[in-house]
Amino acid sequence: MNYLSVENLSKRYGEKLLFENISFGIDKGQKVALVARNGTGKSSLLNVLAGNEAPETGSVVYRNDLRVSFLPQEPQFESGQTVLDTLFSSDHELVQVIKEYQRSMEEEDTEAMQSAFEKLDRLNGWDFEVRARQIFTKLKTGKLNQKVDTLSGGQLKRLALAHVLIDEPDLLILDEPTNHLDLTMIEWLEEFLGQSHMTLFMVTHDRYFLDRICNEIIEIDQGTLYKYKGNYSYFLQKRNERYQVQASEVEKSQNLLRKELDWMRRQPKARGTKSKSRIDSFYDLKDKASQKASEDKIKLTTNMERLGSKILELHNIKKQYDDNVLIDGLNHKFARRERIGIVGPNGAGKSTLLNMIMGLEKPTGGKIVVGETVKFGYYHQSGIKFKPGQRVIEAVTEIAEFIPTPKGSDISAAQLLERFLFPRSMHYNHIEKLSGGEKRRLYLLQVLMKNPNFLILDEPTNDLDILTLNVLEDYLVDFQGCLLIVTHDRYFMDKLVDHLFVFEGNGQIRDYPGNYSQYRKQSAREEAQKKKEENKQASSTGSDRKEKRDKPPQEKKKLSYKEKREFEQLTEEIEKLETEKAELSEAMNSGSLEHDELRKKGERLEEIMSDLEEKEMRWLELSEYV
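The sequence shown begins at 37 in the working numbering and counts up by one.
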């Protein structure tokens with residue numbers, strides 16, 4: 037059953053042609069991904085499909101009565117709305133009843149709760165209610181009565197994602213759904229969409245996500261649309277075959293062009309004396325022979341200084357904000373070419389560690405020692421700042437007109453841009469006209485051209501297209517310095533790191549030898565073994581229950597001294613967090629705070645709720661033996 041038909045669609049951004057006369061369709065049950073370079077109109081195409089932008093030419097036709105939801109890359113919400121209003125803003129009857137139910141619980145309105153309870157019974161909606169609650173809990177969308185004005189950018193994206201998932205449309209259009217999700221959230225979303233019957237059309241740079249969710253890939257390459265009936269791995273295989281065929285055809289055309297060019301030169305200058313059809317064929321052949329192969333490589337060779345024996349040493353590093361302990365005694369000495377990935381939930385302290393290494397924040401305790409030969413290159417989200425009106429080439433020349441290569445020669449700023457996938461036609465474009473991914477690529481070039489020998493990358497893959505990610509990975513694989521990476525892109529991390537710092541909470545950081553996939557497999561084995569032992573213990577407890585009733589009561593297990601101290605500390609910490617939570621909620625609802633202050637308090641409130649959940653679970657475990 038056809039859900040969507042796109043016919044001869046064209047779109048411009050100012051004078052730039054994004055795509056022209058593209059056509060495709062989406063049928064019920066398909067999970068389709070769009071792959072294209074940054075700046076070629078991926079988000080624009082999604083906005084056209086969602087009805088937010090008009091195309092220059094062509095048509096978009098949906099099946100009658102089709103329910104469609106759209107997740108934009110940067111969602112906007114009406115000021116003053118609460119998280120609850122936003123989550124359940126759909127006109128779907130069941131969604132509205134769940135909204136009533138959640139509001140009645142928040143307000144402790146017994147009568148309204150009973151009314152909503154009866155409606156859910158009548159509509160057989162309890163499974164839906166459980167699923168909706170799971171969605172906004174897993175995505176940590178914030179307290180239901182919290183105003184959306186107080187949420188961070190990441191919280192807003194997760195809130196918008198939760199809203200479209202709860203809505204359960206027939207067709208779901210997603211623009212970078214994994215942005216601002218931590219790895220646990222991404223894996224949950226992957227499983228959720230994999231089991232869902234919703235039809236999907238998405239743009240994402242997460243290649244594992246693509247591989248496990250999508251059953252068709254649509255690629256726009258140099259203005260031409262290609263379709264691949266398979267997942268991302270199948271797409272890579274077939275695209276590579278296409279590249280080889282294209283390269284062969286271009287080579288044949290170039291060989292034939294040389295012969296035809298010789299023929300053209302030997303002909304009389306008067307055009308009428310030549311074979312018109314052969315002349316026309318010559319110009320067609322010339323166009324074909326001048327085509328470039330689709331696959332590009334970043335050809336950037338840096339003349340970095342060799343690292344000495346002392347690189348970077350972390351001695352008993354500690355970091356906490358009030359009672360919130362992020363890092364408690366981290367020790368590590370970096371070796372040459374060491375490649376470390378940092379993983380953990382949002383708010384665990386990953387970026388804080390990077391900032392401390394760079395001297396932007398001070399540790400609460402411990403010592404950071406940086407070797408004399410170390411030259412950092414730090415790519416981070418808040419570093420993407422360009423001057424108003426600045427042109428692409430000026431962003432490079434303000435650092436250096438020329439940079440030296442290992443062979444002793446120099447390359448110019450223009451050559452450098454070309455090697456980093458910016459053709460000469462873009463060099464004098466204003467930076468504000470670039471796509472988000474192109475701006476990030478330009479900022480990355482600024483970082484790399486300073487010849488660092490220790491790269492620190494904080495979420496470098498956000499908004500980069502898959503093609504750029506592939507060539508960036510190839511560059512980093514050959515990078516001779518040290519790498520320290522925070523990323524939610526599992527594919528990127530697996531390819532580049534040799535061990536992990538895993539932020540496990542309460543200041544504990546596990547040093548795991550291996551990449552992310554190896555860590556997840558090991559964690560799954562440990563979790564399975566733990567459950568097996570728990571089930572065995574439960575079974576043993578059940579079978580021995582009768583015997584135990586006949587025996588004199590055994591002495592209850594006692595807590596160790598360390599566990600007693602932990603229990604007492606948890607009790608105090610939970611009480612303090614509850615007090616701070618109440619104070620924050622009161623301040624945020626007072627209406628007297630400025631926007632920045634509201635945002636900061638909103639972010640802190642989210643951290644508190646996450647901490648409370650973890651601490652209360654541990655408190656309950658220990659309380660059984662008190």
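Each residue gets a CB set at the ideal place from its N, CA and C atoms; glycine is no exception. All figures in this text were calculated on a predicted structure; none of them were measured in a lab.
Checklist entry - For Val131, which of helix, strand or coil comes out of DSSP? => result helix
Checklist entry - In whole angstroms, what separates the C-alpha of Gln573 from that of Glu563? => result 15 Å
Checklist entry - What does a CB cutoff of less than 7 Å around Pro488 pick up in its chain, not counting 5 residues either side in sequence? => result Met340, Lys411, Phe412, Gly413, Gly517
Checklist entry - Once you ignore the five residues that flank Val104 on each side, which residues in its own chain have a CB closer than 6 Å to its CB? => result Pro205, Leu207
Next on the checklist: For the pair the segment 59 to 77 and the segment 165 to 177, tell me if three or more CB-CB distances fall below 8 Å.
Outcome noted: no
Next on the checklist: Distance check for Gly473 and Ser79, CA to CA, integer angstroms please.
Outcome noted: 11 Å
Item to check | Three-state secondary structure assigned by DSSP to Asp211 | outcome: strand
Checklist entry - If you drop the 5 nearest sequence neighbours on each side, which residues of the same chain put their C-beta closer than 7 Å to that of Tyr548? => result His535, Leu536, Val538, Tyr555
Checklist entry - Are the Cβ atoms of Arg477 and Thr497 separated by less than 7 Å? => result no
Checklist entry - Quick one: is Lys47 buried, meaning 16 or more other Cβ sit within 10 Å of its Cβ, or exposed? => result buried
Checklist entry - Rounded to a whole number of angstroms, what is the C-alpha to C-alpha distance between Gly365 and Lys355? => result 9 Å
Checklist entry - Can you tell me whether DSSP reads Thr93 as helix, strand or coil? => result strand
Item to check | Reference Ile209; option with closest CA among Asn215, His216, Leu201 | outcome: Leu201
Item to check | Start-end ranges of the beta strand (DSSP E) lying completely within the segment 480 to 562, minimum 3 residues | outcome: 490 to 494, 518 to 522, 535 to 541, 544 to 549
Next on the checklist: According to DSSP, simplified to helix, strand and coil, what is Arg372?
Outcome noted: coil
Next on the checklist: Please list the terminal residues of the continuous alpha helix (DSSP H) segment that includes Glu154.
Outcome noted: 146 to 158
Checklist entry - Between which two residues does the beta strand (DSSP E) harbouring Leu396 extend? => result No beta strand (DSSP E) contains Leu396, which DSSP labels as neither H nor E.
Item to check | DSSP-derived helix/strand/coil call for Tyr268 | outcome: helix
Checklist entry - Out of curiosity, what's the CA-to-CA distance linking Ser59 and Arg460? => result 30 Å
Checklist entry - Curious, which full-length beta strand (DSSP E) runs of at least 3 residues does the segment 391 to 469 contain? => result 401 to 406, 412 to 415, 438 to 440, 446 to 448
Item to check | Cβ pair Leu229, Leu107 closer than 7 Å | outcome: no
Checklist entry - Whole-angstrom Cβ separation of Gly383 and Glu643, contact assumed at under 8 Å? => result 5 Å
Next on the checklist: As a quick exercise: from Lys486, Gly344, Lys637, pick the residue whose alpha carbon is nearest that of Phe370.
Outcome noted: Gly344
Next on the checklist: On the criterion of 16 or more Cβ atoms from any shown chain inside 10 Å, does Glu614 qualify as buried, or is it exposed?
Outcome noted: exposed
Item to check | Status (buried if at least 16 other CB within 10 Å, exposed otherwise) for Lys179 | outcome: buried
Item to check | Touch test, the segment 499 to 513 against the segment 74 to 92, Cβ-Cβ under 8 Å, three pairs minimum | outcome: yes
Item to check | First and last residue of the uninterrupted beta strand (DSSP E) at Lys47 | outcome: 38 to 49
Checklist entry - Exposed or buried, what is Lys52 when buried is set at 16 or more other beta-carbons lying within 10 Å of its beta-carbon? => result exposed
Checklist entry - How would you label Phe438, buried or exposed, when you count the other beta carbons within 10 angstroms and need 16 or more for buried? => result exposed
Next on the checklist: I'd like to know if the segment 115 to 127 and the segment 79 to 97 are in contact, where contact means that at least 3 CB-CB pairs between them fall below 8 Å.
Outcome noted: no
Next on the checklist: Taking DSSP's pairing of strands, which residues face Met238 in a bridge?
Outcome noted: Ala69, Leu210
Item to check | Bridge partner(s) assigned by DSSP for Val104 | outcome: Leu207
Next on the checklist: At the level of alpha carbons, what is the spacing between Asp666 and Glu374?
Outcome noted: Any answer about residue 666 is impossible in this case: the structure gives the chain only from 37 up to 662.
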